Amino acid sequence: MPDADRPDNRPDPDRPNEPRPDRVRSFPRAVATISTLVVLGLIGFSLVMWFALPLSLRETFTLFQRLTLIAVLVAIAVLLGATSASYVVADADGVRLRNGLHTHVYRWEDVRRVDFEPGDAWVHLWIRPDDQYPEGVRRYVLGIMRVDGERAEQAVDGLRALHRAARPTER
Numbered sequence: 049m050p051d052a053d054r055p056d057n058r059p060d061p062d063r064p065n066e067p068r069p070d071r072v073r074s075f076p077r078a079v080a081t082i083s084t085l086v087v088l089g090l091i092g093f094s095l096v097m098w099f100a101l102p103l104s105l106r107e108t109f110t111l112f113q114r115l116t117l118i119a120v121l122v123a124i125a126v127l128l129g130a131t132s133a134s135y136v137v138a139d140a141d142g143v144r145l146r147n148g149l150h151t152h153v154y155r156w157e158d159v160r161r162v163d164f165e166p167g168d169a170w171v172h173l174w175i176r177p178d179d180q181y182p183e184g185v186r187r188y189v190l191g192i193m194r195v196d197g198e199r200a201e202q203a204v205d206g207l208r209a210l211h212r213a214a215r216p217t218e219r
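In terms of our numbering, the sequence shown opens at residue 49 and continues consecutively.
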């Protein structure tokens, strides 16, 4: 929000997390919470089950088998963590989104529309055609998920407002 203490009445760059009408920031809170609980639950369950086995049975596992079990747990944690790390940040210049391990940056002039229809699990950005994608592309925005309820609706409204404000009137 504009800061009355600053002479130019612009947002304070030292407070980047402060809500502002000219920026949208969102990440999937419900997914992050669920992912954390699932990973902690899997680790806890695995430890309990491992130590519930008789020592004689645990000793039959080879080092490779033990490492494989640990690798599976780590892979699950990494996949859930990557999904939880998704985000979207938008301002007057454009939108930056991270879906899992991939980050995409678009200027608003490259975005045809922002969709979040009833029943959609997450927001979709329709990107204009270019040399790489001659038919255009639909980009999922995992940083705004329906499961976040009203928070997701507010983020979509903010994205749409920024999109409308940045695009010249098309005829």
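Glycine included, every Cβ here is placed at the ideal spot set by N, Cα and C.
All figures in this text were calculated on a predicted structure; none of them were measured in a lab.
TODO: Would you check if the distance between the CB atom of GLY184 and the CB atom of VAL136 is smaller than 7 Å?
DONE: Taking the sequence shown and counting its residues from 1, the one referred to as residue 184 is at position 136. Taking the sequence shown and counting its residues from 1, the one referred to as residue 136 is at position 88. In this structure, VAL136 does not lie closer than 7 Å to GLY184 by Cβ.
Open item on the list: Measuring straight from C-alpha to C-alpha, what distance separates LEU101 and ALA80?
Closed with: The count along the sequence shown starts at 1 and reaches residue 101 at position 53. The count along the sequence shown starts at 1 and reaches residue 80 at position 32. The straight-line gap from Cα to Cα measures roughly 32 Å.
TODO: On the DSSP bridge assignment, give the partners of TRP174 in chain order.
DONE: Your numbering for residue 174 matches position 126 in the sequence shown. Beta-bridge pairing links TRP174 to ARG161, ARG186.
Task: Cutoff 7 Å; reference LEU117; Cβ partners in own chain excluding five residues on either side - done: Locating residue 117 in the sequence shown gives position 69, counting from the first residue. Around LEU117: no qualifying Cβ.
Task: Rounded C-alpha distance that separates LEU88 from ALA119 - done: Stepping through the sequence shown from its first residue, residue 88 is reached at position 40. Stepping through the sequence shown from its first residue, residue 119 is reached at position 71. Cα to Cα, the separation comes out at about 15 Å.
Task: Option in TYR188, LEU111, ARG199 with minimal Cα separation from THR151 - done: Within the sequence shown, the letter at position 103 stands for residue 151. Of the residues TYR188, LEU111, ARG199, the one whose Cα lies closest to the Cα of THR151 is TYR188.
- [ ] Specify the secondary structure class of ALA80 as computed by DSSP and reduced to three states.
- [x] Reading the sequence shown from its first residue, position 32 is the one you call residue 80. Looking at ALA80 - three-state DSSP - the assignment turns out to be helix.
- [ ] Taking PHE164 as the reference, give the member of LEU111, GLN202, TRP98 with the closest Cα.
- [x] Taking the first residue of the sequence shown as 1, we reach residue 164 at position 116. Answer by Cα proximity: GLN202.
Open item on the list: Once DSSP output is grouped into helix, strand and coil, what is the label at THR151?
Closed with: Counting from one through the sequence shown, the residue named residue 151 turns up at place 103. In the structure shown, THR151 sits in a strand (DSSP, three-state: E or B).
Open item on the list: With a threshold of 8 Å, are at least 3 pairs of Cβ atoms found where one atom belongs to the region 141–158 and the other to the region 93–112?
Closed with: no
Task: Start-to-end residues for the alpha helix (DSSP H) that takes in ARG71 - done: Taking the first residue of the sequence shown as 1, we reach residue 71 at position 23. Note, ARG71: premise wrong, no alpha helix (DSSP H); not H, not E.
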